[in-house]
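Shown next, in structure tokens, is the structure this report addresses.
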Amino acid sequence: MPHSTAYVETDRPDRYIARLVSQLGGDVEARLGGDGRAVIDLPSGRCVLRPAAGGFEMIATAADEEALSGVRDAVTRHLPKAAEREEPVVEWSPPIAGDAAWDLSPVVDDYLLTHCSPAADEVLRDLAVRTREETGGAAGMQISHDEGALLTMLARMSGARLAVEVGVFTGYSSICIARGLPPGGRLLACDVSTEWTSIARNYWERAGVADRIDLRIGPALETLRALPAEPMIGFAFIDADKQSYPDYYEEIVTRLSPGGLVVVDNVFQRGQVFDPAFQGDAQVAVRRLNDTIARDERVESVMLPVRDGVTIARRVG
Ligand SMILES: C[S@@+](CC[C@H](N)C(=O)[O-])C[C@H]1O[C@@H](n2cnc3c(N)ncnc32)[C@H](O)[C@@H]1O
9 MPHSTAYVET DRPDRYIARL VSQLGGDVEA RLGGDGRAVI DLPSGRCVLR
59 PAAGGFEMIA TAADEEALSG VRDAVTRHLP KAAEREEPVV EWSPPIAGDA
109 AWDLSPVVDD YLLTHCSPAA DEVLRDLAVR TREETGGAAG MQISHDEGAL
159 LTMLARMSGA RLAVEVGVFT GYSSICIARG LPPGGRLLAC DVSTEWTSIA
209 RNYWERAGVA DRIDLRIGPA LETLRALPAE PMIGFAFIDA DKQSYPDYYE
259 EIVTRLSPGG LVVVDNVFQR GQVFDPAFQG DAQVAVRRLN DTIARDERVE
309 SVMLPVRDGV TIARRVG
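Using this note's numbering, the letters of the sequence shown correspond one by one to residues 9 to 325.
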């Protein structure tokens, strides 16, 4: 499902959008949110209008390019009527598919990696090399250095005595989480693969964190459900099979201690969650979880454009 964006210059974006919404009628359904954002639903698709500095942005989405062009034309036609003074100049971007919407430029990528601390040490660097050599294309599952630094920082800030990781692979994220735990802290690390986690064990030893990691081989959902139903988890990281994400979240959030954090990886699914044309099991499950967390009153949450998207949710009570 393609989308297309445009920017309209105006001194008073909020008033412009509000006027446009009140002027629309017929088979158009338009709603104005408290934040000035408007959603316009047309038979052929949707257009979102968002106030910005010096103007407002429009995001049109539709089932195919023909319908998209219909949405863009309909909205563009209505704009002059809502204008206060001169007619707006509107230039829509070419159609963009959801999976092309989230591409990190190699320049930004490199800049990010070289501007977080601490620098990847020898153990993590060696583990990344060994993972590429031994697992080939699967090595892309490993988290990046900056995401690892984020996990260490969040685990440390949470003060967790018990952390849980769903999806170990060759152990990079386990090292990063374990390094953020206080003395005596434990990491329950869940994975189904003995092959990949056998690589992990070696590097946990080298990193000096092996004695604080309990590896559980088996479906993570079974491991989580076997835990006592008590608020015992201070920090959790979810990074395994995507179709089980909603279940992992639920098992974890019910056991999260007040103030405890759950971090969810790959919440963008390479941009495919933005685009309803993608209806695979993984995209549907991650989309469902993203919506659940945003509405979940048990947590306060933020979704960050770190790599493939990371959500951080903190248990509030
Ligand atoms: C994306 S990788 C994890 C990457 C890891 N966090 C890292 O930083 O290297 C996903 C892992 O989830 C594991 N996995 C897949 N299905 C699982 C399940 N049902 N239960 C537990 N682990 C599972 C896979 O074996 C794989 O190692």
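Just so you know, even glycine gets a beta-carbon here, dropped at the ideal spot from N, CA and C.
Quantities reported herein were computed from a predicted structural model and do not represent experimental measurements.
Practice task
Could you round the C-beta distance between glycine 44 and serine 166 to whole angstroms and report it? I think they count as a contact, below 8 Å.
Solution key: Here residue 44 corresponds to residue number 36 of the sequence shown, with the count starting at 1. Here residue 166 corresponds to residue number 158 of the sequence shown, with the count starting at 1. About 35 Å; that fails the 8 Å criterion.
Exercise for the section: Going by DSSP, name the residue or residues bridged to glycine 106. Expected result: Counting from 1 along the sequence shown, the entry for residue 106 is found at position 98. DSSP output for glycine 106 lists no bridge partner at all.
Practice task
Report yes or no: do three or more beta-carbon pairs, one from the segment 94 to 108 and one from the segment 28 to 47, lie closer than 8 Å?
Solution key: no
Problem - Simplified DSSP assignment, three categories, for proline 59 - result: Sequence index remark: in the sequence shown, residue 59 carries index 51 (1-based). The answer is strand: DSSP assigns proline 59 an E or B state.
Handout entry: beta strand (DSSP E) runs contained entirely in the segment 137 to 183, provided each spans 3 or more residues
Key = 170 to 174
Exercise for the section: Report the partner residues of tyrosine 24 according to the DSSP bridge assignment. Expected result: Taking the first residue of the sequence shown as position 1, residue 24 is located at position 16. Bridge pairing for tyrosine 24: absent [DSSP].
Problem - Three-state class that DSSP yields for arginine 194 in the structure shown - result: The residue you call residue 194 lines up with position 186 of the sequence shown. Three-state result, arginine 194: strand.
Handout entry: Inter-residue Cα distance where the pair is glutamate 155 and aspartate 273
Key = The residue you call residue 155 lines up with position 147 of the sequence shown. The residue you call residue 273 lines up with position 265 of the sequence shown. Approximately 9 Å, taken between the alpha carbons.
Practice task
Could you pull the start and end residues of the alpha helix (DSSP H) that alanine 290 belongs to?
Solution key: Within the sequence shown, numbered from 1, the residue matching residue 290 stands at position 282. From DSSP, the alpha helix (DSSP H) with alanine 290 extends over 289 to 303.
Practice task
Indicate the three-state DSSP secondary structure (helix, strand or coil) for threonine 122 in the structure shown.
Solution key: Within the sequence shown, residue 122 is the residue found at index 114, counting from 1. Of the three classes helix, strand and coil, the one that applies to threonine 122 here is coil, per DSSP.
Practice task
Note the first and the last residue of the continuous beta strand (DSSP E) segment covering leucine 312.
Solution key: The sequence position of residue 312 within the sequence shown is 304, counting from 1. Looking at the DSSP string, the run of the beta strand (DSSP E) that includes leucine 312 is 307 to 312.
Practice task
Specify the secondary structure class of proline 51 as computed by DSSP and reduced to three states.
Solution key: In the sequence shown, residue 51 corresponds to position 43, counting from 1. Proline 51: coil per DSSP, three-state reduction.
Practice task
Answer yes or no: the CB of glycine 175 versus the heavy atoms of ligand 1, is any distance below 7 Å?
Solution key: The residue given as residue 175 occupies position 167 in the sequence shown. Answer for glycine 175: yes, Cβ within range of ligand 1.
Problem - Status (buried if at least 16 other CB within 10 Å, exposed otherwise) for glutamate 37 - result: In the sequence shown, residue 37 corresponds to position 29, counting from 1. Flag for glutamate 37 reads exposed.
Exercise for the section: Look at arginine 209 and alanine 218 and say whether their C-beta atoms are less than 8 Å apart. Expected result: Reading the sequence shown from its first residue, position 201 is the one you call residue 209. Reading the sequence shown from its first residue, position 210 is the one you call residue 218. Result yes, Cβ atoms of arginine 209 and alanine 218 sit closer than 8 Å.
Exercise for the section: Would you tell me roughly how many angstroms separate the C-alpha atoms of alanine 234 and tyrosine 257, rounded to the nearest one? Expected result: Position 226 of the sequence shown, counted from the first residue, corresponds to residue 234. Position 249 of the sequence shown, counted from the first residue, corresponds to residue 257. In a straight line, the C-alpha of alanine 234 is about 15 Å away from that of tyrosine 257.
Problem - proline 254 - containing alpha helix (DSSP H), residue span - result: Your numbering for residue 254 matches position 246 in the sequence shown. Unbroken alpha helix (DSSP H) run through proline 254: 253 to 261.
Practice task
Would you mind stating whether threonine 84 and valine 97 have Cβ atoms separated by less than 8 Å?
Solution key: Residue numbering aside, residue 84 sits at position 76 when the sequence shown is read from its first letter. Residue numbering aside, residue 97 sits at position 89 when the sequence shown is read from its first letter. Their beta carbons are not under 8 Å apart, which means threonine 84 does not touch valine 97 by this criterion.
Handout entry: Span of the alpha helix (DSSP H), counted from its first residue to its last, around proline 88
Key = As a first step, residue 88 must be located in the sequence shown, where it is residue number 80. Where proline 88 is concerned, the enclosing alpha helix (DSSP H) stretches over 73 to 90.
Handout entry: Rounded C-alpha distance that separates glycine 62 from leucine 121
Key = Here the question's residue 62 lines up with position 54 in the sequence shown. Here the question's residue 121 lines up with position 113 in the sequence shown. Their Cα atoms are separated by approximately 33 Å.
Practice task
Go ahead and pull the three-state DSSP assignment for proline 266.
Solution key: For the purposes of this step, residue 266 is taken as residue 258 along the sequence shown, with counting starting at 1. Three-state result, proline 266: strand.
Exercise for the section: Flag serine 252 as yes when its Cβ comes closer than 7 Å to any non-hydrogen atom of ligand 1, and as no otherwise. Expected result: Residue numbering aside, residue 252 sits at position 244 when the sequence shown is read from its first letter. Yes, ligand 1 has a heavy atom inside 7 Å of this Cβ.
Exercise for the section: Leaving aside the five residues before and after histidine 153 along the sequence, list all residues of the same chain whose C-beta is less than 6 Å from its C-beta, in chain order. Expected result: Counting from 1 along the sequence shown, the entry for residue 153 is found at position 145. If we look at histidine 153 and ignore the five residues flanking it on each side, its Cβ neighbours are Leu121, Ala128.
Problem - Own chain, CB closer than 8 Å to methionine 161, minus 5 neighbours either side, in chain order - result: By 1-based counting over the sequence shown, the position of residue 161 is 153. Taken in chain order, the residues that qualify are Gly188.
Exercise for the section: Might you give, ordered along the chain, the residues of its own chain that have their beta carbon closer than 6 Å to the beta carbon of aspartate 283, omitting 5 neighbours on each side? Expected result: Along the sequence shown, read from residue 1 onward, the residue named residue 283 stands at position 275. Hits under 6 Å: Met9, Gly106.
Practice task
From the DSSP output, read off the bridge partner residues of serine 12.
Solution key: Start at 1 with the first residue of the sequence shown, and residue 12 comes out as number 4. Looking at the DSSP assignment, serine 12 forms a beta bridge with Ala68.
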